[in-house]
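Only one structure is covered here, and it is reproduced in the block below.
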Amino acid sequence: MSAAADSKRSASFRQSTALAILKQNGLNIFLAIIALVFIGFAITTHNYLTLFNIKTIVRDAALVGIMGIGLTFVTLSGNFFLLSMKETAALCIITFATSMSHDYGFIISLVGALAVAMVSGGLQGLLIGRGGNPIVVTLGAAGILYGIASWWSDNLVISFRRPNDAEWLGTGSVMGIPNITITFIVIAILAELVLRKTSFGRQVYLIGANRAAGKATGHENRSMAIKVCMIASVCCAIVAVAFSAQMSSAQANYFSSEFGSSGDFTILVIATVMVAGNSIMGGYGSTLRTSLGAVFISAVDNMMVLQGYNSGPRVLSVGLMIVFSILVFAYIRRDNRSEG
Amino acid sequence: MTNAPWLELKGIQRHFGSIKALRGVDIKINRGEVLGLVGENGAGKSTLMKIMSGFDNSFTGDVFVDGSLVELGSPNKAQALGIAIAQQELSLIPTLSVAENIFLGGNHGPTIASLSTLSNLARPFLDEVGLNDIDPKMRVHRLSVGESHLVEVARLVAHKPQLLILDEPTAALSETDSERILNMVNRLKENGKSVIYVSHRLDEIFKIADRVTVLRDGASQATKLASELDVPNLVTLMLGRELSDMFPPKNLDRQGTSAFKISDLWPDGLLSPISFSVNKGEILGLAGQLGSGAGEILAAIAGSHPVRGGLITDMSSGQSFLPKSSKIAISHGIAYCSPDRKHDGLFLGRPISENLTSPNLKRISLKGILNTSKSDSLSADIAESFTIDPSRLPHEASVLSGGNQQKVALGKWLSINPGLILVDEPTRGVDVGARAEIYQKLVELAESGVSIIVASTDLLEISELPSRVLTFYKGALTSELEGSKVNTDNILKEITKPESFLQLAGDAS
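The structure is reproduced here in C-alpha cells:
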C-alpha cells in the first residue's frame with residue numbers, strides 16, 4: 000500500500016522534474032529528442048546508423064530544408080505561410096529544364112528560374128503587404144503558377160541530355176558530401192546570420208512581433224512582405240534547380256504528393272517550420288530551428304522507410320509531428336512567459 | 000455577529016516560487032462601505048483581487064465572511080458567497096443586446112425567455128448602476144466605453160452580490176464617464192452593498208472611499224479613514240517615501256524660438272483645420288475628453304492618422320511637409336507615443352533592448368550589419384536616462400509592469416534624437432512612482448531643447464505639466480490658455496463647455 004503510494008509519488012516527482020527541464024530550453028529539448036530518435040532506432044533498425052544512411056538523411060532534408068528556411072522568413076515576419084511553395088518550385092523547375100533543354104547552359108537557366116521566383120514572390124508580397132490575406136493570395140497564386148507550369152510543359156516530362164553543366168549541383172560531391180547538402184548548410188548558416196546580425200533581420204523580428212508597433216517605428220510590412228516573399232520564392236527556385244539537376248529532367252508535378260512518396264511538398268515545408276517551434280504568429284523563432292526541423296523529419300521518415308512503412312503512415316507521422324510540436328512549444332512558451 | 004465586518008482577510012500570503020507576491024495582508028470591509036485599495040504596480044493588488052474572487056486558491060491565511068471562516072476555493076464559490084469582481088478588460092459580447100449580456104452565463108436568468116421579457120428583467124439592474132436611459136434591447140457595440148463598463152457592473156449586480164470589487168473601472172474613461180462610475184458606486188453603497196475600489200486615480204479615491212487600505216511590497220499598510228488622509232499623505236504611504244512634488248516646477252518664460260509650425264492641419268475627426276506652433280524647449284498641452292480631437296491631432300502630426308490637408312514646418316531646417324507615414328515623421332525627428340502602448344508602442348515579445356533601439360536601426364548598424372556594442376551602449380544609455388533596470392534589458396518587454404513599459408515605449412524615441420516628441424496619455428495605467436519619473440524626464444527633455452506636445456484626459460496632469468494648453472471640445476479648438484490661466488478649473492470649463500449646453504437649452508425653450 001505504502002509502496003504503491005511511494006511509487007506514485009516518485010512518478011509524479013519524475014513528471015514534475017521532466018516538466019521543469021522542459022521549461023528551461025525548448026531548443027535543447029528538441030536536440031535531445033533528435034538524439035533519442037537516433038539512438039533508439041540505431042539499435043532496432045538495421046542499417047540505420049551507418050555513415051551512408053546519415054548522409055542520406057541530411058541530403059534528403061536538404062531540399063525541404065532550403066524551402067523551409069525561405070518560408071521561415073515569411074512566418075517570422077508575421078505574414079503566416081506561403082501556400083504556393085510547391086507551385087513556385089514547379090514553375091521554376093519547368094523554366095530551368097526548358098532552358099537547359101534548349102542548351103542555354105546552367106547559369107542562364109538558373110537566372111531564369113530565379114527571375115520567375117522573384118517576380119512571382121514579389122507580386123504575392125505586394126498583395127500581402129497591401130493587406131491581402133496571405134492564405135487567399137498564395138492559394139490563388141498557387142493555382143496560377145501551377146496552371147502556367149502545367150500548360151507550358153503540356154504536363155510532360157522535359158528532359159535534357161547528360162552530361163551537362165548542372166550535374167555538379169545534382170549529383171556532385173566534395174569529399175563525399177553531396178553538393179546539395181553543402182548548399183543546404185551554406186544557406187542555413189547564411190540565413191541565420193542575416194536574421195541575427197543584420198538590421199533587415201531585426202526588422203523581420205520586430206514586424207513579426209507587433210506589426211502596428213513596427214509601422215509606428217518606421218518598419219513597414221508593406222515592403223517587408225515583398226522582401227520575405229521573394230526570399231521564400233528564391234529558395235523554391237534553388238530547390239527546383241537542384242532537383243532538376245539531379246534528375247536531368249522536370250515535370251510540373253515533381254513536388255506534388257503523387258510524386259514525392261512522403262507527401263505534399265508544401266505541407267512538408269510548413270512542417271519543418273512548425274516542428275521546431277517557430278511562432279506561427281511571427282516574431283519568435285529562427286531558421287536554425289527550421290533546419291533542425293528538416294533533419295528531424297527526414298530522420299523519422301528515413302527510419303520508417305527502413306522499417307518498411309509505405310507512404311500512408313509516413314504522411315501520418317509528419318502530420319502528428321506538426322500537431323505535437325505545436326502543443327509542446329505552446330506549452331514551453333506560455334510557461335516561460337508566466338515565469339517573468 | 001453584527002459587529003463583525005462582512006469580509007475579513009487575515010495574514011494572507013502568496014508565493015510564486017521564491018517570489019513573495021503577498022507577505023501578510025489584512026483587509027476588512029463592512030457592509031455598505033466603500034474601501035479604496037491603492038498601491039503601486041507590483042504591490043500585489045491583482046494577486047489579492049484574484050484571491051478574493053476565488054481565481055487563486057494557492058494562498059495561506061484566513062478568510063472570514065460574517066465572522067465565520069470560509070473557503071473561497073473557486074470563482075463559483077466566491078460568487079455564491081456574494082463576491083463579484085469587475086475586471087479592467089470588458090467581457091461583454093458586442094453583438095448581443097444589453098439584456099442578453101446581463102443574463103449571459105450563470106443561472107441567474109430564466110432558461111427560455113423572449114428579448115422583451117429579458118429586457119424587463121434587466122431593467123432594475125440597469126437602474127441600479129444608473130443606466131436609466133438605456134434601452135436593454137440595444138446592442139452593446141452601440142454603447143460608449145463608459146456605458147459598457149456600467150453594463151458590465153450591472154451584470155455583476157444581477158448576481159445580487161454583497162461585495163463588488165472594481166478593478167480600475169475608470170482607467171480608460173473620460174472625465175464625464177468616470178463621474179457616472181463614481182455615482183454608481185455611491186448608489187451601490189446606499190443599497191447596502193460593499194465595494195472595493197481599486198484605482199490609480201487618487202482624486203477618485205478621495206471622492207468615494209470611506210476607508211483606504213494601502214498595499215506596499217505585498218503587505219498591507221495601515222488602513223485609514225479617507226477623511227484623515229490627503230494626497231501627499233497617501234502617496235507617501237504608497238511609496239514608503241516622501242514624494243515632495245509629483246510635478247517639476249513649470250518653466251513659464253517662453254523665451255524659446257518657434258521650432259515646429261503646424262498650419263491648417265485637418266485631421267479626420269476635427270470640425271475644422273487647426274494652426275499652432277510649438278517653441279523649442281516648450282511643453283504644450285492639448286486638453287480634451289475622449290472624442291475631442293486632441294489625440295487625433297498628435298497622431299496626424301506623426302503620420303499615423305488620416306488628414307485632409309495641412310502642412311508642418313520644421314523651423315530649424317525650413318522644410319515643410321505632411322507626413323503620410325510614421326516613417327516620414329521619424330525622418331523629420333518627430334516621435335509619437337500613442338495612448339495604447341500594447342497596441343503600437345511596444346514589441347512585447349522582444350527583448351527590452353531591441354525595443355529601445357527599434358526606431359533607429361541605422362544608428363546601431365553599419366551598412367546593414369548590426370553592431371552589438373553600439374546597440375548595447377545605446378540601450379544602456381536610454382535605460383539609465385529613464386531609470387529602467389539595466390539587468391532586465393535582455394528580458395522580454397512583456398515582463399515589465401505598466402509603468403516600466405511606458406518608460407520603454409517613451410524612452411525608445413531617444414534613439415532618434417527627436418526634435419519634437421508627441422505623447423498621448425503619457426501616464427495611462429502607470430503607478431505614481433513611475434508617473435513622477437516620466438514627468439521629470441519630459442521636463443528634462445524640454446530643458447534640453449526638445450519640443451514636447453502632450454495630450455491628456457487627466458486634468459491634474461494636463462494642468463500641472465504644460466506651460467501652455469490648447470483646449471478641445473467635440474472636434475473644435477475652444478481656447479488657448481497660458482501662464483497662470485493654466486489650471487484645472489479653466490481647463491475643465493473649456494473641455495466640457497457647460498455654457499454651450501446652457502445656450503442650446505436656452506435657445507430651445
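Just so you know, the sequences run in chain order B and X. Residue numbers for the first sequence follow numbering that gives the first Met the number 0, so the first one is 0 and each next one is one higher. Residue numbers for the second sequence follow numbering that gives the first Met the number 0, so the first one is 0 and each next one is one higher. Every residue gets a Cβ at the ideal spot worked out from N, C-alpha and C, and that includes glycine. None of these values were measured; they are calculated from a predicted model.
When rounded, the separation of the alpha-carbon atoms in X:G287 and X:D176 is 13 Å. Where B:G169 is concerned, there is no enclosing beta strand (DSSP E), although the alpha helix (DSSP H) around it starts and stops at E166 to T170. Here X:L34 is bridged, per DSSP, to X:I195 and X:R210.
Between B:A88 and B:C235, the C-beta spacing is below 8 Å. Annotated three-state conformation of X:L6 is strand, per DSSP. Counting C-beta atoms within 10 angstroms of its own C-beta, X:D202 has fewer than 16 neighbours from the protein chains shown and is therefore classed as exposed. In the DSSP assignment, X:Y335 falls outside any alpha helix (DSSP H) and lies within the beta strand (DSSP E) extending over I333 to C336. Residue state for X:V468 is assigned as strand, using DSSP reduced to three classes. Residue-level contact check: B:T286 does not touch chain X, since none of the beta carbons of chain X fall below 8 Å from its beta carbon.
Among the bridge pairs identified by DSSP, X:K27 is matched with X:E7.
Taking a contact to require three or more Cβ pairs closer than 8 Å, the segment 54-70 of chain B and the segment 260-277 of chain B qualify as touching. For X:R349, the neighbours in chain B by C-beta distance under 7 Å run, in chain order, Y204, L205, A208 and G282. The segment 466-475 of chain X makes contact with the segment 279-298 of chain X; the number of CB pairs closer than 8 Å reaches 3 or more. For a cut-off of 8 Å, the C-beta gap from X:I164 to X:A42 is around 16 Å, too long to register as a contact. Taking C-beta atoms as the reference points, X:K279 and X:S450 count as a pair closer than 8 Å. By the C-beta criterion, the segment 432-448 of chain X is judged to be in contact with the segment 395-412 of chain X, since at least 3 inter-stretch pairs fall below 8 Å. Pairing X:R210 with X:K223 gives a Cβ-Cβ distance under 8 Å. Look at the segment 40-68 of chain X and you find these whole runs of beta strand (DSSP E), each 3 residues long or longer: 59-64.
If you check the CB distance, X:I28 and X:I195 come in under 8 Å. Within the segment 209-230 of chain B, the residues whose Cβ lies closer than 7 Å to some Cβ of chain X are N209, A211, A212, K214, A215, T216, G217 and E219, listed in chain order. Taking each of X:N119, X:L8, X:G23 and X:P231 in turn and checking the Cα distance to X:A157, the smallest one comes out for X:N119. Taking B:T197 as reference, the option from X:D457, X:L444 and X:I368 with the minimal CA-CA separation is X:I368. By the Cβ criterion, the segment 275-293 of chain B is in contact with the segment 59-67 of chain B, since at least three pairs of Cβ atoms, one from each stretch, lie closer than 8 Å.
For X:I381, the uninterrupted alpha helix (DSSP H) segment begins and ends at T371 to S384. Note on B:S152: 16 or more other CB atoms within 10 angstroms of its CB, so buried under the neighbour-count rule.
In the three-state scheme derived from DSSP, where H, G and I count as helix and E and B as strand, X:E443 is classed as helix.
The residue from X:K260, X:K206 and X:N354 with its alpha-carbon nearest to that of B:R201 is X:N354.
Not a single C-beta of chain B is nearer than 8 Å to the C-beta of X:E88.
Taking C-beta atoms under 8 Å as the contact rule, X:E167 and X:S198 qualify, at a distance of about 6 Å. It is roughly 13 Å from the alpha-carbon of B:V110 to the alpha-carbon of B:T97. Between X:I490 and X:L476, the alpha-carbon positions lie close to 12 Å from each other. If you compare the alpha carbons of X:A218, X:Q220, X:V234 and X:R179 with that of X:I207, the shortest gap goes to X:R179.
Shortest Cα-Cα distance from X:E99 to any of X:V422, X:S483, X:D134 and X:L377 involves X:D134. DSSP places B:K54 within a helical segment (H, G or I) once states are collapsed to three. Taking C-beta atoms as the reference points, X:V128 and X:V139 fail to come closer than 8 Å. When beta bridges are read from the DSSP output, X:G284 appears opposite X:V453 and X:V468.
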